[in-house]
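Here the structure is laid out as structure tokens; the discussion comes afterwards.
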Amino acid sequence: MKKLNIYFEGTTDTTGYLFSLAKCLSAALRCSTYLDDADDIIASSGFAFRMWVAADLCPSGTSMWEFRKQKPWVENGGLACNYIERLWGQDEVEEDCRLRAITMIRDSIDRGVAAVAWDISGCEWGLITGYDDQTQTLYTLKIDGKEDRIPYAKLGRLELPILSVLTVTGKTGKTREQILTDTKKLAAAHLYGEEWCDNPKGLAAYDALIAFITERLTAETAWNLAYYLGTFAALKWYAWKFFEKYGEYELAQLYNIVYEKWKCAFDIGCSHNVADREVQDGIATMLSSARDAENKAAGIMVIS
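Here this note's numbering is used: the first residue of the sequence shown is 694, the next is one more, and so on.
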């Protein structure tokens, strides 16, 4: 048996809704020898810039992309990764993929780095923090900070039966300058809609979200709105801090505005009756200001 001491303390989550994959990845790094990469990776992987909005504000809309892109996105930040997945309609490879994933997880834990895996937290990402070959048990940490365990045989067979496991294996030697350049390219690619998703994405997500707020928002969908606002607001904080750390002060200033407007929209939505027209208009105004600032930032990044 081997089990790591993994925790979320120290991982900044300004709303309590930080995207579970990003939060888990950051925590895994923070509790390992990759501490220096723990904050940067949320931006350098592009997640600080990603927005997807489902028409009905279903929370799963924030997780609509090609899961296998996790590997190149994380490697964009200078970290080498292993990744394995098994999706629907791939029953013939289910057992092989599960066994390979368990080997990958054990190797990562032996190196002192927790694995990030889908559905550990109930249709959200979580962390695999340990294993026991004798009892065929994986030890887990859910996104809410609660520890749990699952049998080896249940990996990829939980509430939403998809297998998706990412582990960090080392560093690639990518320079700080190249990470910055490539992060701006990755961010701009998403903001201008170059990544696959059936829902509005990137900058187009703003208008989709604003339209929902002004045309369809009710008290019954208030939590869905809080989930979206909280998820993206918390991510924008990392974009701001990344550019500040890397000396890109114009982009840092713009993303400070983007973050503050998203956070204000979240705070308004959580503290007022969102069925009230004035409240809806206030949230929409904050998002419109964030959109204008992020649109300007995207233009800067695409020509950098």
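In this text, a Cβ means the ideal position worked out from N, Cα and C, and glycines have one as well.
Everything numeric in this text was worked out from a predicted model, so none of it was measured.
How close, in whole Å, do the beta carbons of residue i and residue j come, if the pair is a contact with beta carbons under 8 Å?
i: T833; j: G819; result: 6 Å
i: N892; j: G754; result: 5 Å
i: R984; j: Y899; result: 4 Å
i: A926; j: T708; result: 5 Å
i: G770; j: I872; result: 6 Å
i: I798; j: L831; result: 7 Å
i: G739; j: L879; result: 4 Å
i: G923; j: Y710; result: 3 Å
i: V809; j: C751; result: With 8 Å as the limit, V809 and C751 do not qualify as a contact, their Cβ atoms being about 23 Å apart.
i: S725; j: G805; result: 5 Å
Following the continuous beta strand (DSSP E) through residue i, name the residue where it begins and the one where it ends.
i: P752; result: Note, P752: premise wrong, no beta strand (DSSP E); not H, not E.
i: N775; result: L772 to R779
i: K864; result: L856 to K864
i: Y824; result: G819 to D825
i: T708; result: Note, T708: premise wrong, no beta strand (DSSP E); not H, not E.
i: T833; result: T830 to L834
i: R799; result: First-last for R799: E787 to D803, but that is the alpha helix (DSSP H), not the beta strand (DSSP E).
Do the CB positions of residue i and residue j come within less than 8 Å of each other?
i: S719; j: A736; result: no
i: L859; j: Y776; result: yes
i: A807; j: A715; result: no
i: I699; j: T862; result: no
i: C790; j: L856; result: yes
i: I802; j: Y824; result: yes
i: L947; j: A901; result: no
i: A1009; j: V951; result: The requested residue 1009 is not part of the displayed model; the chain covers only 694 to 997.
i: R793; j: E778; result: no
Within 10 Å of its beta-carbon, does residue i have 16 or more other beta-carbons around it, so buried, or fewer, so exposed?
i: D812; result: buried
i: D733; result: buried
i: Y939; result: buried
i: M694; result: exposed
i: Q973; result: buried
i: W781; result: exposed
i: K877; result: buried
i: W889; result: exposed
i: I996; result: exposed
i: V786; result: exposed
i: A748; result: exposed
i: A932; result: buried
i: N962; result: The sequence shown places Gly at residue 962, rather than the Asn named in the question. Counting Cβ neighbours within 10 Å, G962 comes out buried, since at least 16 surround it.
i: S964; result: exposed
What first and last residue would you give for the alpha helix (DSSP H) that runs through residue i?
i: K954; result: Y942 to S964
i: S984; result: Checking the sequence shown, residue 984 turns out to be Arg, not Ser. That run of the alpha helix (DSSP H) goes R970 to I996.
i: A721; result: S713 to R723
State yes or no: is the C-beta of residue i nearer than 7 Å to some heavy atom of the ligand NAD?
i: D985; result: No copy of the ligand NAD appears in this structure; indeed no ligand is present at all.
Checklist entry - Okay, do the stretch 877-887 and the stretch 728-748 touch, 3+ Cβ pairs below 8 Å being the bar? => result Enough Cβ pairs lie closer than 8 Å, so yes.
Item to check | Cβ contact check for the stretch 974-990 and the stretch 905-920: 3 or more pairs under 8 Å | outcome: At 8 Å Cβ cutoff, the stretches touch.
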